[in-house]
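Single-structure report; data block below.
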Amino acid sequence: MIFWRILDNQLHPVKETENLGFEESDGLRIPDEYLNNQEFVVMRTCHGLGDWGILGAMPRLLKQKYPNCKVYLPSSKLLKKLFGQYEQNWGIWGDPFKNVNNIFDNNPYVDGYKDSIEGEVFHDHYRIYDKNNTDVPLVEQMLKFWQFEKDEFKDSQPEVYWTDDEKKLGDDIINEYIGNNEFGSLTITNKLTDRESVGISKKLKEYKFPYVYYTSKPIKDTSFDFVNASLDLRHINFRIQLYIRSLSKINIGNQCGPMDIIPRYSKTYISQRQFPLGSNFIRNVNYL
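Per the numbering used here, residue 27 is the first one in the sequence shown, and the count goes up by one each step.
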């Protein structure tokens, strides 16, 4: 892994390292001078939907600790300038540099997007990790670097804020395809293994709801063809997809970005692919 520095709108490789971030014993934290300036940037160096999604609570938590601060996100234009050469790494859900908007648009704790950022940017490589506990959410590791105490970041689950128009559209779609019935959400990507299929099928048979779903191939061609498949989410705007998923009674699928964003709103079962989960760990998820 390469530790990167972002300075004056330029990306600089610093060194190769086994672990991104710093150990607690290193005693490193964000400079007081940066905090005193009260103008903050939330930045990721990975740009999948889930990569940005797991930071969803960070603007709110920053403003709770630093009430007078301004919180900004990089624009898709700036992200493309910094990371365009790596774009193919994150393209599964569309243009990766627009995922920052998919997560943070309409967020009342965000003061805007920036096309240019002068000075140092303290991004997701600036984190405090615990070598004795790998499964700590990334946002908590980052906020510890931002001089947060443990009780100040305990509500770290991802969050999304939808507009009234987005909610109306999502509600209309639900009413058309499902009516007033309770429903579940199923998400299956092309990374699913046979081992994972067994656990997911068992959970689906336990929760016999009509399901909204995303599958990497037609659901009739999967081992989940027994599901009461009521609505294919594939061609629905992604923020509307997230809103619909947030209203589901149960959220089941394999480990991927969309699954990581909804646990605050819906009981979630994720078939774990990565061992250990490390910084991708989400609190209150039931990992299969």
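Backbone N, C-alpha and C define an ideal beta-carbon position, used for all residues, glycine too.
- Note: PHE66 is bridge-paired with VAL97 in the DSSP secondary-structure output.
- With a cut-off of 8 angstroms on Cβ pairs, the region 70-87 is in contact with the region 282-289, counting three or more such pairs.
- Within the same chain, and ignoring the five residues on either side of LEU104 in sequence, the residues whose Cβ sits closer than 6 angstroms to its Cβ are ASP141.
- Annotation for GLY225: no beta strand (DSSP E) segment contains it, though the alpha helix (DSSP H) segment containing it runs 220-232.
- In the three-state reduction of the DSSP assignment, ILE266 falls in the helix class, which pools H, G and I.
- Taken atom to atom, the span from the alpha-carbon of TYR313 to that of SER272 is near 18 angstroms.
- Taking the Cα of SER305 as reference, the smallest distance to any Cα among ASN132, ASP58, SER182 is reached at SER182.
- Here PHE48 is actually not in contact with ASP161; their C-beta atoms are around 18 angstroms apart, not less than 8 angstroms.
- Secondary structure note for LYS194: its alpha helix (DSSP H) is the uninterrupted segment 190-203.
- Looking at the DSSP output, GLU146 sits in a beta bridge with LEU33.
- Contact fails between the region 205-223 and the region 182-196, because fewer than three Cβ pairs, one in each stretch, are under 8 angstroms apart.
- Separation of VAL67 and PRO85 (C-alpha to C-alpha, rounded to the nearest whole angstrom) is 9 angstroms.
- GLY74 carries a coil assignment under DSSP once its states are collapsed to helix, strand and coil.
- In the structure shown, GLU49 adopts extended strand secondary structure according to DSSP, grouped into three states.
- In the DSSP assignment, SER211 falls within the beta strand (DSSP E) that extends over 210-214.
- Taking a contact to require three or more Cβ pairs closer than 8 angstroms, the region 143-155 and the region 51-63 qualify as touching.
- With 16 or more other Cβ atoms from the protein chains shown falling within 10 Å of its own Cβ, ARG265 counts as buried.
- PHE123 places its beta carbon less than 8 angstroms from that of SER102.
- Taking C-alpha positions only, LEU259 is separated from LEU212 by approximately 10 angstroms.
- Note that the C-beta distance between ASP34 and TYR98 is not below 8 angstroms.
- If you ignore the 5 residues before and after PHE209, its C-beta comes within less than 7 angstroms of the C-beta of PHE235, PRO236, TYR237, VAL238, SER256, SER274, LYS275, all in its own chain and listed in chain order.
- By DSSP's assignment, GLU42 forms a beta bridge with ILE28.
- Ranked by Cα distance from PRO134, the options LYS89, ASP177, TRP116 are led by LYS89.
- Per DSSP, the unbroken alpha helix (DSSP H) holding LEU164 starts and ends at 164-171.
- For ILE80, the three-state secondary structure derived from DSSP is coil.
- Judged by their CB atoms, PRO100 and MET69 are nearer to each other than the 8 angstroms cut-off.
- Under the DSSP assignment, PRO236 falls in the beta strand (DSSP E) whose first and last residues are 236-241.
- For the set ARG221, VAL224, ILE204, GLY225, the Cα lying nearest the Cα of ASN254 is the one of ILE204.
- Between TRP78 and the set PHE29, SER292, PRO163, the nearest pair of CA atoms involves PRO163.
- In the structure shown, the three-state DSSP call for ASN207 is coil.
- Straight-line spacing of the CA atoms in THR43 and ARG153 works out to 14 angstroms.
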